[in-house]
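Q: Everything in the sequence shown is counted per my numbering, starting at 40 for the first residue and increasing by one. Quick reminder that beta carbons are idealized off the backbone N, C-alpha and C, glycines included. The model shown is predicted, which means the values in this text are computed figures rather than measured ones.
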Amino acid sequence: MSQTPESFRIRRAIVAGGSGLVGRELLRLLEGDSHFEEILLLTHREIPDLDFPKLKKMQVDYEDLFSTAEAISGEVLFCCLGTTRKKAKTPAEFQKVDLDYVRKLARLCVYRGIPKLSVLSAEGASTQSPFLYFKTKGEMEREVLELPIPQIDILRPSLLVGNRREFRLGETILAKAIPILRCFGAKFEACPASTLAQFMLNRAKEDRFRKEVFRSNEITSG
Ligand SMILES: NC(=O)c1ccc[n+]([C@@H]2O[C@H](COP(=O)([O-])OP(=O)(O)OC[C@H]3O[C@@H](n4cnc5c(N)ncnc54)[C@H](OP(=O)(O)O)[C@@H]3O)[C@@H](O)[C@H]2O)c1
């Protein structure tokens with residue numbers, strides 16, 4: 040099942056979290072990219088409004104992901120999963136999505152010989168962070184990077200901006216505050232979801248076969 044870099048040709052992308060802000064941008068770009076013949080979208084619920092010619096949807100139970108593992112194959116897996124502390128209600132529920140499910144998807148890459156993994160983390164991710172969000176992202180990165188997957192891209196965007204379908208008060212306030220913060224010398228810049236998705240796609244098409252962490256300023260500067 041595993042592919043060596045020598046015999047490598049990218050053909051099918053697997054996307055988890057495709058219904059989110061970054062995931063939707065990525066699906067749109069994959070659909071228009073001739074390198075990819077098929078997109079396998081893993082979903083945990085029905086998403087009727089997502090429909091493209093190349094798109095094949097597969098409903099999975101992330102609690103029991105390996106029961107459907109044999110049906111999942113491709114050359115690259117893009118993980119755009121994530122929840123918010125508010126939606127998750129408890130720290131354990133938050134970690135279930137942002138750590139456990141991501142870890143499962145990474146292990147699936149090992150099991151199914153998927154040679155490239157592109158995963159969303161966040162600027163500030165650190166196992167030492169006192170904040171649950173950044174600590175969880177840091178732990179996720181550490182665990183994923185330990186796995187024997189030939190190419191791992193970890194993306195650390197700062198605040199994401201784009202055409203979000205839901206209203207998030209904190210993110211809206213922060214986005215509006217950025218120009219003011221910059222007047223006071225802060226170097227903070229938001230990361231457009233479309234720029235991030237294009238960056239993920241470009242990196243995935245390069246056959247680097249190494250593990251890298253990309254900071255937000257690298258993503259926004261291309
Ligand atoms: N928002 C920011 O400013 C920001 C900044 C830096 C990094 N990030 C990170 O970037 C990633 C993507 O962000 P985003 O804003 O695109 O996320 P988003 O719009 O909230 O989308 C998240 C995706 O994860 C899926 N998901 C959520 N809970 C799930 C569950 N219990 N089981 C299975 N799937 C679940 C969602 O599916 P449904 O919608 O179908 O439920 C959706 O497809 C996240 O890891 C986030 O932490 C975000």
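1. Could you tell me if the beta carbon of C119 falls within a distance shorter than 7 Å of some heavy atom in ligand 1?
2. Which stretch, first to last residue, makes up the alpha helix (DSSP H) that contains Q167?
3. What's the C-alpha gap between S168 and R51?
4. Which value, in whole angstroms, describes the spacing of the CA atoms of L14 and R195?
5. So for S197, helix, strand or coil by DSSP?
6. To which residues of the same chain is K174 closer than 8 Å at the C-beta, ignoring the five residues directly before and after it?
7. Would you call R84 buried or exposed, if buried means 16 or more other Cβ atoms sit within 10 Å of its Cβ?
8. Does ligand 1 have even one heavy atom less than 7 Å from the beta-carbon of E185?
9. Quick one: does the C-beta of T211 sit closer than 7 Å to a heavy atom of ligand 1?
10. On the three-pair Cβ rule with 8 Å, is the region 216–227 touching the region 90–105?
11. Can you determine whether any heavy atom of ligand 1 sits closer than 7 Å to the C-beta of G152, and answer yes or no?
12. Return the Cβ separation of L321 and F117 in integer angstroms, given the expectation that the two are a contact with Cβ distance under 8 Å.
13. Flag T267 as yes when its Cβ comes closer than 7 Å to any non-hydrogen atom of ligand 1, and as no otherwise.
14. Under the assumption that A108 contacts Y150 (Cβ atoms under 8 Å), give the Cβ distance between them as a whole number of angstroms.
15. Under 8 Å Cβ to Cβ from L199, same chain only, skipping five residues before and after it: list those, please.
16. State yes or no: is the C-beta of I53 within less than 8 Å of the C-beta of L89?
17. Between the Cα of P154 and the Cα atoms of E245, Q134, M179, which residue gives the shortest distance?
18. Count the other CB atoms, across all protein chains shown, that sit within 10 Å of the CB of A110; report buried if there are 16 or more and exposed otherwise.
19. Please classify R204: is it buried, with 16 or more other beta-carbons within 10 angstroms of its beta-carbon, or exposed?
A: In short:
1. By one-based count along the sequence shown, residue 119 stands at place 80. Yes - ligand 1 has a heavy atom lying nearer than 7 Å to the Cβ of C119.
2. On the sequence shown, position 128 is the one that residue 167 refers to. Where Q167 is concerned, there is no enclosing alpha helix (DSSP H), given that its DSSP letter is neither H nor E.
3. By one-based count along the sequence shown, residue 168 stands at place 129. By one-based count along the sequence shown, residue 51 stands at place 12. Taking the straight line joining both Cα atoms gives about 36 Å.
4. The question about residue 14 has no answer here: the residues shown for the chain are numbered 40 through 261.
5. Within the sequence shown, residue 197 is the residue found at index 158, counting from 1. It is coil, neither helix nor strand.
6. One-based indexing of the sequence shown puts residue 174 at position 135. Once the five neighbours on either side are set aside, the close Cβ partners of K174 are S165, T166, Q167, S168.
7. Position 45 of the sequence shown, counting from 1, holds the residue named residue 84. R84 should be labelled exposed.
8. Against the sequence shown, residue 185 aligns to sequence position 146. E185: no, Cβ never under 7 Å from ligand 1.
9. Numbered from its first residue, the sequence shown carries residue 211 at position 172. T211 Cβ: outside cutoff for every heavy atom of ligand 1.
10. Two segments are said to touch when three or more pairs of C-beta atoms, one from each, lie closer than 8 Å; by this definition the region 216–227 does not touch the region 90–105.
11. Sequence index remark: in the sequence shown, residue 152 carries index 113 (1-based). Because no heavy atom of ligand 1 lies under 7 Å away, the Cβ of G152 does not count as near it: no.
12. Given a span of 40 to 261 for the chain in the structure shown, any question on residue 321 remains unanswerable.
13. Since the first residue shown for the chain is 40 and the last is 261, residue 267 is missing from the structure and cannot be characterised.
14. To locate residue 108, count along the sequence shown from 1; it is residue 69. To locate residue 150, count along the sequence shown from 1; it is residue 111. With a Cβ gap of about 6 Å, A108 and Y150 count as contacting.
15. By 1-based counting over the sequence shown, the position of residue 199 is 160. Result list for L199: L60, V61, E210, A229, C230, P231, A232, L235, in chain order.
16. The residue you call residue 53 lines up with position 14 of the sequence shown. The residue you call residue 89 lines up with position 50 of the sequence shown. No, Cβ-Cβ distance for I53 and L89 is not below 8 Å.
17. Position 115 of the sequence shown, counted from the start, is the residue given in the question as residue 154. Selected option, being the one with the closest Cα: E245.
18. Start at 1 with the first residue of the sequence shown, and residue 110 comes out as number 71. Looking at its Cβ environment, which holds fewer than 16 other Cβ atoms inside 10 Å, A110 is exposed.
19. The sequence position of residue 204 within the sequence shown is 165, counting from 1. By the neighbour-count rule (16 or more Cβ atoms within 10 Å), R204 is not buried but exposed.
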